[in-house]
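One structure is given below, encoded as structure tokens.
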Amino acid sequence: MNELPSNGISAAPAASDLALATSAANGDALAFELIVRRHNRLLFRTARGVVPDDAEAQDVVQETWLRAFARLGSFRGEAALGTWLARMAINLAISSQRRKGRLVQLDDDATPDQAMELPNMPANESPDASAERGEMRALLQASIEGLPAIYRSVFMLRAVEDMSVEEAAFCLGVSQDVVKTRFLRARALLREELATRIETGAHDTFAFAGARCDAVLAHVMGELQRQGLLRRP
Numbered sequence: 055m056n057e058l059p060s061n062g063i064s065a066a067p068a069a070s071d072l073a074l075a076t077s078a079a080n081g082d083a084l085a086f087e088l089i090v091r092r093h094n095r096l097l098f099r100t101a102r103g104v105v106p107d108d109a110e111a112q113d114v115v116q117e118t119w120l121r122a123f124a125r126l127g128s129f130r131g132e133a134a135l136g137t138w139l140a141r142m143a144i145n146l147a148i149s150s151q152r153r154k155g156r157l158v159q160l161d162d163d164a165t166p167d168q169a170m171e172l173p174n175m176p177a178n179e180s181p182d183a184s185a186e187r188g189e190m191r192a193l194l195q196a197s198i199e200g201l202p203a204i205y206r207s208v209f210m211l212r213a214v215e216d217m218s219v220e221e222a223a224f225c226l227g228v229s230q231d232v233v234k235t236r237f238l239r240a241r242a243l244l245r246e247e248l249a250t251r252i253e254t255g256a257h258d259t260f261a262f263a264g265a266r267c268d269a270v271l272a273h274v275m276g277e278l279q280r281q282g283l284l285r286r287p
């Protein structure tokens with residue numbers, strides 16, 4: 055499904071959350087479609103923070119939209135519509151895991167740690183830099199997926215969706231202090247996981263093959279032959 059820009063704002067003046075919810079609750083299909091397009095990615099990422107794979111996350115998102123449509127009439131705008139929807143998605147995701155006999159609760163015994171800063175990528179980059187960025191993104195996504203759900207869910211809301219501590223606390227139904235502690239723990243675990251993955255793949259780095267290897271070989275062979283130290287076959 056096509057989405058609006060990543061900031062969730064259309065080019066035209068955006069209708070208020072409450073106005074859209076009211077129209078959709080009264081059967082306005084276009085209003086509901088706009089809500090879905092604005093918040094579809096948010097709900098997928100939110101669900102993915104709890105469930106273990108994309109297919110289950112998609113199921114949760116679909117169930118969330120069906121549940122949300124039935125409840126839009128009760129939306130009063132106390133929270134942002136996206137936050138209200140995200141909380142619903144989290145609750146449904148947790149319920150789906152419980153139905154499958156999976157636990158998504160761990161003890162919060164984390165110690166505050168130094169924040170992990172990810173490098174900013176330049177807007178204009180070379181093909182090599184773009185490829186490296188893609189590899190880093192894949193590495194980071196795999197590491198995030200490896201986090202326990204209780205920490206992954208907070209990380210997805212705070213780091214990926216850039217929610218405030220207050221918004222994340224509302225979505226998860228926990229205190230702001232719990233959000234802060236879990237987020238710090240998530241970053242610490244993520245650093246450890248990234249370090250392990252990087253060390254494991256270290257022997258494959260700085261590869262010298264393909265075109266670069268061929269270029270060096272051609273240069274050296276040509277120079278030695280020019281000096282008469284090697285004969286052409």
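Residues in the sequence shown are numbered consecutively from 55, following the working numbering.
Where is the CB? At the ideal position from N, CA and C, for every residue including glycine.
All values derive from a computational prediction rather than experimental measurement.
Shown here, Ala85 sits in a helix according to DSSP, grouped into three states. Two segments are said to touch when three or more pairs of C-beta atoms, one from each, lie closer than 8 Å; by this definition the region 81 to 94 does not touch the region 199 to 207. With a 10 Å radius around the Cβ and a threshold of 16 neighbouring Cβ atoms, Thr100 comes out buried.
Between Ala143 and Arg91, the alpha-carbon positions lie close to 16 Å from each other. With contacts defined by Cβ atoms closer than 8 Å, Phe237 and Ala133 do not form a contacting pair. Arg121: member of the alpha helix (DSSP H) spanning 108 to 125, first to last residue.
Per DSSP, reduced to three states, the secondary structure at Lys154 is coil, with no helix or strand assignment.
When the five nearest sequence neighbours on each side are left out, no beta carbon in the same chain lies closer than 8 Å to the beta carbon of Asp216.
By a beta-carbon distance limit of 8 Å, Arg125 does not contact Met210. Their separation comes to about 23 Å. Here DSSP, grouped into helix, strand and coil, assigns Arg130 to coil. The beta carbon of Val228 sits closer than 6 Å to no other beta carbon from its chain once the five residues preceding and following it are set aside. Taking the Cβ atoms as the reference, Ala147 lies roughly 5 Å from Val105, within the contact range of under 8 Å.
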